[in-house]
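Read in UniProt numbering, the sequence shown has 478 at position 478, and its numbers run on one by one without any break.
Take a look at the structure below.
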Amino acid sequence: MITLLLFGTFFLFLALGIPVAFSLGLSAVTVLITTDGLQVLDVVPSVMFPSMSSGTLLAIPFFILAGIVMQYTGISQRLVDLAFLVFGRFSHGLAAVTIISAFFFSAISGSGPATVAAIGAILIPALVRNGYQRKHAVSLVAASGSMGIVVPPSIAFIIFAVVASEFGSISITRLFIAGIVPGIIMALAFFIAALFVPRVRELAGLPVKTGTRPVTAGAETSAAKSGPAAPSGSGTVGTAASAGANTPSAGVGPANGTGAVTGTGEGGFGEFLTALIKAIPGLLIPVIILGGIYGGIFTPTEAGAVASVFALAVGVFVYRELTWTTLPKVFLEAGVSTAVIMFIVGVASLFSYVITVEGIAETVSSAVLGVTDNKFIILAAITVILLIVGAFVDAISAFYLFIPILVPILLGVGVDMTTIGVFMTVNLAIGLFTPPVGLNLYVGAGIGKVRIEEVVRGVMPFLIAAIIALLLITYIPAISNWLPDLLGVG
1 MITLLLFGTF FLFLALGIPV AFSLGLSAVT VLITTDGLQV LDVVPSVMFP
51 SMSSGTLLAI PFFILAGIVM QYTGISQRLV DLAFLVFGRF SHGLAAVTII
101 SAFFFSAISG SGPATVAAIG AILIPALVRN GYQRKHAVSL VAASGSMGIV
151 VPPSIAFIIF AVVASEFGSI SITRLFIAGI VPGIIMALAF FIAALFVPRV
201 RELAGLPVKT GTRPVTAGAE TSAAKSGPAA PSGSGTVGTA ASAGANTPSA
251 GVGPANGTGA VTGTGEGGFG EFLTALIKAI PGLLIPVIIL GGIYGGIFTP
301 TEAGAVASVF ALAVGVFVYR ELTWTTLPKV FLEAGVSTAV IMFIVGVASL
351 FSYVITVEGI AETVSSAVLG VTDNKFIILA AITVILLIVG AFVDAISAFY
401 LFIPILVPIL LGVGVDMTTI GVFMTVNLAI GLFTPPVGLN LYVGAGIGKV
451 RIEEVVRGVM PFLIAAIIAL LLITYIPAIS NWLPDLLGVG
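This is the structure we're talking about:
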C-alpha cells in the first residue's frame, strides 16, 4: 500500500501538471505524513540539505560553468569549422559534422539540452540548406545532443555514483571512462540512421551536392544565399530561450569575427591548420579533464574547477569574446542552472529516502526476483521501463527514483555496477529525444522554427538507431568495461 501511495501520488501530481521536482517532494511528504504523522516532517530538511551539500556534487556547478563559458566564447562554431573541413566534402558530410560536433561539445558541457542549443543555431539551418527536411535536421541535432549525458564529463554519471554508492563502490572516474565507447557507438548509430534519411533533392530525383560551411544564423554569407534561407532569428537568444535553453548572444556570428565564412569543405592544409588552431582550446578541455583524472593529478571535482578556470582564461585572454561586463551574466546563468539541479537533487533524495526507509526497494526486488531470475528478461523489462520513464522524467530525478529499486535487482542477477551505470544513463539519454516530453526535441524545435509534431515524425529513424545501440550496450558488458579495464581504472 505504501508503494502504491508513493508512486500513485507522484504520477497523480504529474498528471495535474505539477513539475517533476515538486511532484517528487509532495509525494514523499504525503507518505511521511500518512505513515508517521506531522511530527515526522522534521526529517525533510535533515535529508535534503546533506544530499545537496555533498562534496562530490560540487563538480556539477564547475562543469556547468565551464560549459556555459565555452558557449559564450563561440567554441561551438570553431568545432563545427574544424569538423566541416575534414568531413564536409562527402555526400553525408554535414550529418557527420553535426554528430562529431555534438560529441565534442558534449565532452565540454555534460548536458544534452546545452549541446543542442550550442550547435543547433549553426547546424540546423545548414542541414536545411544542404537538402535535409527541417524535421529531420532538427531531429538529428536533438538526437546527437543526447550524447551530452553519456560522453564524459557527464553530470548524470556523477549523480549515479553518488546515489548508487550505498550498494557498492563505483568511482566517477571509471564511469567517465566507461562512457566513451558507448558514446562512440551512439554516434555511429545516429550517422547510419542519417544515411537512410532522404533529402529534398533525392526525393525529387536530383543529385545531392556537398554543402557550404555552416555558420551561425544571422551571419550574411554567400552560403545563405545558395539555398532556402534559414528562418529569421533561428539562432538568436530569444528563440533558444523560448525552448528552455541558454544560448549566448556571443555565439551569434562567425567565430573569426570577420564576417562571412564560406567554403565547400575542400580547403587546403593551411585552412585546416587554421581551423585546428582555433579549435584547440575547446578540444583541450576534455583532454585536461580526463587526462588529469586518469593521471591522478586531481579528482573529478577538482577537474571541474580546473576546467572552469581554463575556460574563463580562454574566453577572456585567448578568444577575447568574453568581456568583463559579460562575466556577471555567465555566472548568473551557471548559478541558476546549478540551483535547479540541486533542488531536484534535494527533493529526489527525499523521495529516495522514503523508498529506502519504508522497505519499498526490498519489497519490489524480492517480488521481481521471485518471478524470474533470468538476467536477460530482467534487463529487457527494465529497459522498457526506463525508456518510458525517460520520456517523461529527467535523468537526475529518474536516478533517485529507480536506483534504490533497480540496482539491487541487477546486482542480484550478476550485472556489474559499471554496466548498470552506463546502461541506465544511455536509457535516460534516449529519453531526451523521445516524445512526448523529450527536452532536446523542444529545444531543437524552438531553434529550428518547426512544430513539435513534425519533429516527432522526423525523429523515428534516430530513435530506432539509438535503441539498437542501447541493446548492444546492455547485453555486451565489455562495451562499458573494456576501456576502464584496459586503463586499469577501478
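Note that beta-carbon positions come from the ideal geometry of N, C-alpha and C, so glycine has one too.
If you compare alpha carbons, which of the options is closest to residue i?
{"i": "residue 152", "options": "424, 183 and 161", "result": "183"}
{"i": "residue 4", "options": "27, 269, 306 and 353", "result": "27"}
{"i": "residue 419", "options": "477, 86 and 375", "result": "477"}
{"i": "residue 474", "options": "9, 415 and 445", "result": "415"}
{"i": "residue 295", "options": "489, 165 and 373", "result": "489"}
{"i": "residue 364", "options": "402, 395 and 350", "result": "402"}
{"i": "residue 429", "options": "408, 405, 454 and 398", "result": "398"}
{"i": "residue 493", "options": "69, 150 and 167", "result": "Only positions 1 to 490 of the chain appear in this structure, which leaves residue 493 out of reach."}
{"i": "residue 1", "options": "157, 31 and 305", "result": "31"}
Give me, in chain order, the residues of the same chain whose beta-carbon lies closer than 6 Å to that of residue i; leave out the 5 immediate sequence neighbours on both sides.
{"i": "residue 186", "result": "147 and 469"}
{"i": "residue 279", "result": "78, 79 and 82"}
{"i": "residue 14", "result": "23"}
{"i": "residue 115", "result": "102, 105, 106, 109, 145 and 148"}
{"i": "residue 301", "result": "58 and 59"}
Taking just the CA atoms, how far does residue j sit from residue i?
{"i": "residue 271", "j": "residue 91", "result": "21 Å"}
{"i": "residue 40", "j": "residue 347", "result": "16 Å"}
{"i": "residue 122", "j": "residue 87", "result": "16 Å"}
{"i": "residue 136", "j": "residue 452", "result": "12 Å"}
{"i": "residue 89", "j": "residue 163", "result": "46 Å"}
{"i": "residue 228", "j": "residue 125", "result": "Note that residue 228 has pLDDT 34, beneath the 50 cutoff, so the model's placement of it is unreliable and no number is given."}
{"i": "residue 54", "j": "residue 191", "result": "39 Å"}
{"i": "residue 66", "j": "residue 338", "result": "12 Å"}
{"i": "residue 48", "j": "residue 105", "result": "32 Å"}
{"i": "residue 288", "j": "residue 29", "result": "43 Å"}
{"i": "residue 218", "j": "residue 449", "result": "Summary for residue 218: the model assigns pLDDT 44, below 50, so the residue's position carries little reliability; its value from the coordinates is reported in the next sentence. Answer to the nearest angstrom: the Cα atoms are 15 Å apart."}
{"i": "residue 64", "j": "residue 178", "result": "21 Å"}
{"i": "residue 372", "j": "residue 10", "result": "28 Å"}
{"i": "residue 133", "j": "residue 71", "result": "27 Å"}
{"i": "residue 485", "j": "residue 117", "result": "34 Å"}
{"i": "residue 44", "j": "residue 412", "result": "31 Å"}
{"i": "residue 390", "j": "residue 359", "result": "24 Å"}
{"i": "residue 393", "j": "residue 7", "result": "13 Å"}
{"i": "residue 479", "j": "residue 155", "result": "21 Å"}
{"i": "residue 404", "j": "residue 18", "result": "24 Å"}
{"i": "residue 171", "j": "residue 417", "result": "10 Å"}
{"i": "residue 320", "j": "residue 75", "result": "12 Å"}
{"i": "residue 52", "j": "residue 42", "result": "17 Å"}
{"i": "residue 466", "j": "residue 318", "result": "38 Å"}
{"i": "residue 159", "j": "residue 269", "result": "43 Å"}
Go through its chain and collect everything with a Cβ distance to residue i's Cβ below 7 Å, but skip five positions before and after it.
{"i": "residue 459", "result": "139, 142, 143, 433 and 441"}
{"i": "residue 34", "result": "5"}
{"i": "residue 353", "result": "47"}
{"i": "residue 482", "result": "181"}
{"i": "residue 343", "result": "21"}
{"i": "residue 349", "result": "47, 48, 51 and 400"}
Once DSSP output is grouped into helix, strand and coil, what is the label at residue i?
{"i": "residue 353", "result": "helix"}
{"i": "residue 132", "result": "strand"}
{"i": "residue 391", "result": "coil"}
{"i": "residue 198", "result": "coil"}
{"i": "residue 373", "result": "coil"}
{"i": "residue 437", "result": "coil"}
{"i": "residue 299", "result": "coil"}
{"i": "residue 90", "result": "coil"}
{"i": "residue 325", "result": "coil"}
{"i": "residue 154", "result": "coil"}
{"i": "residue 257", "result": "Its pLDDT being 37, under 50, residue 257 is placed unreliably in this model, and the value from its coordinates should be taken loosely. Three-state DSSP puts residue 257 in coil, outside helix and strand."}
{"i": "residue 412", "result": "helix"}
{"i": "residue 229", "result": "Confidence in residue 229 is poor, its pLDDT being 33 and thus under 50, which makes the residue's placement unreliable; the coordinate value appears in the next sentence. Residue state, collapsed to three classes: coil."}
{"i": "residue 1", "result": "coil"}
{"i": "residue 467", "result": "helix"}
{"i": "residue 477", "result": "coil"}
{"i": "residue 400", "result": "helix"}
{"i": "residue 223", "result": "For residue 223, the predicted structure reports a pLDDT of 32, less than 50, and the residue's modelled location is therefore unreliable. A value from the coordinates is still provided. Correct three-state label for residue 223: helix."}
{"i": "residue 278", "result": "helix"}
Note down, in chain order, each residue of its chain lying with its Cβ closer than 8 Å to the Cβ of residue i, except the 5 sequence neighbours on either side.
{"i": "residue 362", "result": "408"}
Discussion item. I want to know whether the segment 278–287 touches the segment 305–312 - three or more CB-CB distances under 8 Å.
Written reply: Because the criterion of three Cβ pairs below 8 Å is met, the segment 278–287 and the segment 305–312 touch.
Item to complete: Spell out a yes or no on whether the segment 366–384 and the segment 329–338 are touching, meaning 3 or more CB-CB pairs, one atom from each, closer than 8 Å.
Response: Flag = no, the segment 366–384 and the segment 329–338 do not touch.
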